[in-house]
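A.B. asks:
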Amino acid sequence: MGFSTGLFDCFNDCGSTLDVWCCFSCNVSRQYNAVAGIPNECSFCYCLGVCFFPVPAMCCLRQRVSEKYSLGEGCVTTCLASTCCTVCSACQTHRELTFHGANPGGCCCETSLRGESQVLHHQNRYTIV
């Protein structure tokens, strides 16, 4: 079946891409929690682990997302995407989780379950289209 969006479709959702780029470890931590059924929450332990081991953490996350939604991605593809395109891979898993209604949320951006991104700036909200 495969992912609902491509690996390099990062700019189809600029909000989550910006969040992954600026807050990679926190965003991946939020995605781990979303896979486990805990929406929009960052875990300090996961966040710390991702800081020190970003590629293995991304491989594990990508594998979990693939298994949870029966995407049929093999180990080689998972490892290559996570190693060679770590940030794009995190963006793709974020979009997939959002697509399936498991809201990973964001640190500086928030993605609604409909896929609309909003950049949060203090008390003002700017919509990215």
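Quick note: the sequence shown uses our numbering, first residue 40, plus one each step. Note that the Cβ used here is the ideal one computed from N, Cα and C, for glycine as well.
1) May I ask you to verify whether the region 52–72 touches the region 117–135, counting CB pairs closer than 8 Å and requiring at least 3?
2) Using a threshold of 8 Å, state whether the C-beta atoms of Phe63 and Val126 are closer than that.
3) So what does DSSP say about Tyr165, is it helix, strand or coil?
4) Select from Ser109, Pro143, Cys49 and Ser121 the residue whose C-alpha is nearest the C-alpha of Phe92.
5) Could you compute how far the alpha carbon of Val67 sits from the alpha carbon of Met40?
6) How is Phe42 classed by DSSP in three states: helix, strand or coil?
7) Between which two residues does the alpha helix (DSSP H) containing Tyr85 stretch?
8) Looking at chain D, is there any beta carbon in it that lies within less than 8 Å of the beta carbon of Phe91?
9) Do you know whose CA, among Asn72, Cys49, Cys61 and Ser43, lies nearest Asn142's CA?
C.D. replies: Here's the rundown:
1) yes
2) For the purposes of this step, residue 63 is identified with residue 24 of the sequence shown, where counting begins at 1. For the purposes of this step, residue 126 is identified with residue 87 of the sequence shown, where counting begins at 1. Contact: yes.
3) Numbered from its first residue, the sequence shown carries residue 165 at position 126. Note that Tyr165 scores a pLDDT of 41, beneath 50, so its modelled location is shaky; the value from the coordinates is reported in the next line. Note: Tyr165 maps to strand in three-state DSSP.
4) Indexing the sequence shown from 1 puts residue 92 at position 53. With distances taken between Cα atoms, Phe92 lies closest to Ser121.
5) Translated into the one-based positions of the sequence shown, residue 67 becomes position 28. Translated into the one-based positions of the sequence shown, residue 40 becomes position 1. Each residue's alpha carbon lies about 23 Å from the other.
6) Translated into positions along the sequence shown, residue 42 becomes position 3. In the structure shown, Phe42 sits in coil (DSSP, three-state: anything other than H, G, I, E or B).
7) For the purposes of this step, residue 85 is taken as the residue at position 46 of the sequence shown. Per DSSP, Tyr85 belongs to the alpha helix (DSSP H) from Phe83 to Phe91.
8) The displayed structure is made up of one protein chain only, and chain D is not part of it.
9) Within the sequence shown, residue 142 is the residue found at index 103, counting from 1. The shortest Cα separation from Asn142 among Asn72, Cys49, Cys61 and Ser43 belongs to Asn72.
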